[in-house]
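Novice:
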Amino acid sequence: MTTKQKKQLAILMLNMFIAVAGFGIIIPIIPDYLKMIGEGGTAAGLMISVFAGAQLLMSPIAGKWADVYGRRPMIILGLIGFTVSMGVFYLSDNLTVLLISRAIGGVGAALLIPAIFAYVADITTLKQRAKGNSYISAAMSLGIVIGPGIGGFFAEFGLKAPLLLSAIVSFVAVISSILLLKEPDREPYVQTNESESLPRQLVSSTRKPYFFVLVINLVMAFGLMAYESVLGLFVSETFSATPQQIAVMITGTGIVSVIVQLFAVDRLVSVLGEIKVVLIFIMLAALGFLFSLFAGSYAIFFAVTLIIFLSTSILRPVLNTLVSKMADKEQGFAMGMNNAYMSIGNIVGPTLAGIAFDIDMRYPFVMGLVLLLVTFAGTLNWSKRKATATFEQ
């Protein structure tokens, strides 16, 4: 990559890191926070589902806006949404208001994420795309690593202290984007007849060459968010884990994820190709869900979580790269749809996991295991059909 590309990627990574770290700060306190306001697994699932629902509704519009109005304005508006969301969260102990704050954060995510990945597509070649996306994913993982660690530390000063810090960090991201981020050079947007209505966008996406990859992203999001939504509650209830121990678990797994995304993803794709990488790590994630059913201690569950997070940290940039490569010139629309499909998984997964958790704490892991095995079978079949079609051409 050229020096200019590296500088642009560094700015995008910084902004993604600050935004995700600001959100990750609150993760360790969620179990104790929900107990404080008399809520449990269902509320934990709703907090993630409402975020994802707002993200879903906004994603098709946001993706097209990124094409029409530019990447930079959407990134800045998305970061403002994160800031407002954390501020409202800090100021209230009412579940309804907390859910409203989560909806605002979901809108922010819908504006931010497609714009950043479209920005990467603008400044990289097809050969560089996997590396560029892995760098952005690494910045996200690093934010997840450092954010919870900071949150666990600041929870010592009061349960709501991480919420205030999160709002401040997100505001810093807004200022840094305004000062440092420039609009990338790209081809002029060509208006299409596709409606911005979500149902029409989803129907339109079924005719795209990258449709099945969108489905894989949906299923992966479902399984991962089902796991993550009850992770803190599970270790708190089963192993009496403290906010600090939850922070250590997320931080430890996140460090490995960052290292893998920075140094392994590009090499794995170069050696195996995207399809084989997807198949291998879907199966590895499924094994992680299986092992979680038999974890008898915090340390063993920590190791299982590491397997799952390692797998998803590789799958995320590889799936994004597949969509980007197949999208040609409609990067904003494709990444908006990618975000929308993940949001569907993020809505349904935590909601069902929260309900299942309140029935039996292990049910969410059984649900995730079955879903990943079905996804593996579907992906294997799709890859064979794709290979056959390519050979016939």
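Residue numbers (the working numbering): 1 to 393. We put the beta carbon where it would ideally sit given N, CA and C, even for glycine. Here the structure is a predicted model, which is why all the values come from computation and not from measurement.
Where residue 361 and residue 234 are concerned, what is the direct C-alpha to C-alpha distance, given to the nearest angstrom?
Specialist: Taking the first residue of the sequence shown as position 1, residue 361 is located at position 361. Taking the first residue of the sequence shown as position 1, residue 234 is located at position 234. If you take the alpha carbons of residue 361 and residue 234, they lie about 7 angstroms apart.
Novice: Report yes if the CB atom of residue 375 is closer than 9 angstroms to the CB atom of residue 273, and no otherwise.
Specialist: Taking the sequence shown and counting its residues from 1, the one referred to as residue 375 is at position 375. Taking the sequence shown and counting its residues from 1, the one referred to as residue 273 is at position 273. Cβ atoms of residue 375 and residue 273: not closer than 9 angstroms.
Novice: Could you tell me the alpha carbon to alpha carbon distance between residue 4 and residue 293, rounded to whole angstroms?
Specialist: On the sequence shown, position 4 is the one that residue 4 refers to. On the sequence shown, position 293 is the one that residue 293 refers to. Their Cα atoms are separated by approximately 48 angstroms.
Novice: Jot down the residue ranges of each uninterrupted alpha helix (DSSP H) in the segment 208-257, minimum 4 residues, whole runs only, in chain order.
Specialist: 211-239
Novice: For residue 341, which three-state DSSP category applies?
Specialist: Taking the sequence shown and counting its residues from 1, one reaches residue 341 at position 341. It is helical.
Novice: Between which two residues does the alpha helix (DSSP H) carrying residue 42 extend?
Specialist: The residue labelled residue 42 in the question sits at position 42 within the sequence shown. Counting along the chain, the alpha helix (DSSP H) containing residue 42 begins and ends at 41-68.
Novice: Which of helix, strand or coil does DSSP assign to residue 297?
Specialist: To locate residue 297, count along the sequence shown from 1; it is residue 297. If DSSP states are grouped into helix, strand and coil, residue 297 belongs with coil.
Novice: Considering Cα atoms alone, identify which of 279, 342 and 295 is closest to residue 382.
Specialist: Your numbering for residue 382 matches position 382 in the sequence shown. Of the listed residues, the one whose Cα sits closest to residue 382 is 279.
Novice: When the Cα atoms are used, what is the spatial distance from residue 107 to residue 245?
Specialist: Within the sequence shown, residue 107 is the residue found at index 107, counting from 1. Within the sequence shown, residue 245 is the residue found at index 245, counting from 1. Looking at the two C-alpha atoms, the distance is approximately 31 angstroms.
Novice: Going along the chain, which residues of its own chain have a beta-carbon closer than 7 angstroms to the beta-carbon of residue 132, five neighbours each way excluded?
Specialist: Taking the sequence shown and counting its residues from 1, one reaches residue 132 at position 132. These residues qualify, in order along the chain: 9, 120 and 124.
Novice: Out of 287, 110 and 317, which has the shortest C-alpha to C-alpha gap to residue 305?
Specialist: By one-based count along the sequence shown, residue 305 stands at place 305. Comparing Cα positions, the closest option is 287.
Novice: For residue 117, which of 71, 83 and 98 has the nearest alpha-carbon?
Specialist: Sequence index remark: in the sequence shown, residue 117 carries index 117 (1-based). Of the listed residues, the one whose Cα sits closest to residue 117 is 71.
Novice: Just checking my contact of residue 92 with residue 99 at CB under 8 angstroms: how many whole Å lie between their CB atoms?
Specialist: For the purposes of this step, residue 92 is identified with residue 92 of the sequence shown, where counting begins at 1. For the purposes of this step, residue 99 is identified with residue 99 of the sequence shown, where counting begins at 1. With a Cβ gap of about 10 angstroms, residue 92 and residue 99 do not count as contacting.
Novice: Is the beta carbon of residue 31 sitting closer than 9 angstroms to the one on residue 152?
Specialist: In the sequence shown, the residue the question calls residue 31 occupies position 31. In the sequence shown, the residue the question calls residue 152 occupies position 152. Cβ atoms of residue 31 and residue 152: not closer than 9 angstroms.
Novice: Quick check: residue 256 and residue 309, are their CB atoms within less than 9 angstroms of each other?
Specialist: Locating residue 256 in the sequence shown gives position 256, where the first residue counts as 1. Locating residue 309 in the sequence shown gives position 309, where the first residue counts as 1. Yes. Within cutoff.
Novice: Can you give me the C-alpha to C-alpha distance between residue 64 and residue 83, rounded to a whole angstrom?
Specialist: As a first step, residue 64 must be located in the sequence shown, where it is residue number 64. As a first step, residue 83 must be located in the sequence shown, where it is residue number 83. Taking the straight line from one Cα to the other gives about 23 angstroms.
Novice: How long is the line joining the alpha carbons of residue 428 and residue 386, rounded to whole angstroms?
Specialist: Residue coverage of the chain in this structure runs from 1 to 393, which leaves residue 428 outside it and unanswerable.
Novice: Keeping to the same chain, check which residues put their C-beta closer than 6 angstroms to that of residue 322; ignore five residues upstream and five downstream.
Specialist: Mapped onto the sequence shown, residue 322 falls at position 322. Same-chain partners within the cutoff: 213 and 274.
Novice: What does a CB cutoff of less than 6 angstroms around residue 137 pick up in its chain, not counting 5 residues either side in sequence?
Specialist: For the purposes of this step, residue 137 is taken as residue 137 along the sequence shown, with counting starting at 1. Closer than 6 angstroms at Cβ, skipping near neighbours: 261, 316 and 317.
Novice: I'd like to know whether the C-beta atoms of residue 46 and residue 343 end up nearer to each other than 9 angstroms.
Specialist: On the sequence shown, position 46 is the one that residue 46 refers to. On the sequence shown, position 343 is the one that residue 343 refers to. No.
Novice: Where do the N-terminal and C-terminal ends of the alpha helix (DSSP H) with residue 173 fall, by residue?
Specialist: Counting from 1 along the sequence shown, the entry for residue 173 is found at position 173. Element bounds for residue 173: 161-180.
Novice: Let's test the definition: count the other Cβ atoms within 10 Å of the Cβ of residue 377 and tell me whether it reaches 16, buried, or not, exposed.
Specialist: Translated into the one-based positions of the sequence shown, residue 377 becomes position 377. Exposed, by the Cβ-count rule.
Novice: Is it the case that the Cβ atoms of residue 355 and residue 42 are separated by a distance below 9 angstroms?
Specialist: Locating residue 355 in the sequence shown gives position 355, where the first residue counts as 1. Locating residue 42 in the sequence shown gives position 42, where the first residue counts as 1. Yes, they are a contact pair.
Novice: Would you grab the beta carbon distance between residue 76 and residue 174 for me? Rounded to a whole angstrom, and I think it's under 8 angstroms.
Specialist: By 1-based counting over the sequence shown, the position of residue 76 is 76. By 1-based counting over the sequence shown, the position of residue 174 is 174. Your pair residue 76 and residue 174 checks out as a contact, with CB atoms roughly 6 angstroms apart and the cut at 8 angstroms.
Novice: Considering only C-alpha positions, which residue in the set 220, 372 and 54 is nearest to residue 101?
Specialist: Numbered from its first residue, the sequence shown carries residue 101 at position 101. Ranked by Cα distance from residue 101, the first of 220, 372 and 54 is 54.
Novice: Please report how far the alpha carbon of residue 104 lies from the alpha carbon of residue 62, in whole angstroms.
Specialist: Taking the first residue of the sequence shown as position 1, residue 104 is located at position 104. Taking the first residue of the sequence shown as position 1, residue 62 is located at position 62. So the alpha carbons of these two residues sit roughly 14 angstroms apart.
Novice: Alpha carbon to alpha carbon, how far is residue 52 from residue 339?
Specialist: Taking the first residue of the sequence shown as position 1, residue 52 is located at position 52. Taking the first residue of the sequence shown as position 1, residue 339 is located at position 339. Cα to Cα, residue 52 sits roughly 10 angstroms from residue 339.
Novice: Cβ of residue 48 within 9 angstroms of Cβ of residue 162?
Specialist: Numbered from its first residue, the sequence shown carries residue 48 at position 48. Numbered from its first residue, the sequence shown carries residue 162 at position 162. Taking 9 angstroms as the Cβ cut-off, residue 48 and residue 162 do not qualify as a contacting pair.
Novice: I'd like to know whether the C-beta atoms of residue 37 and residue 94 end up nearer to each other than 9 angstroms.
Specialist: Walking along the sequence shown from the start, residue 37 turns up at place 37. Walking along the sequence shown from the start, residue 94 turns up at place 94. Yes. Within cutoff.
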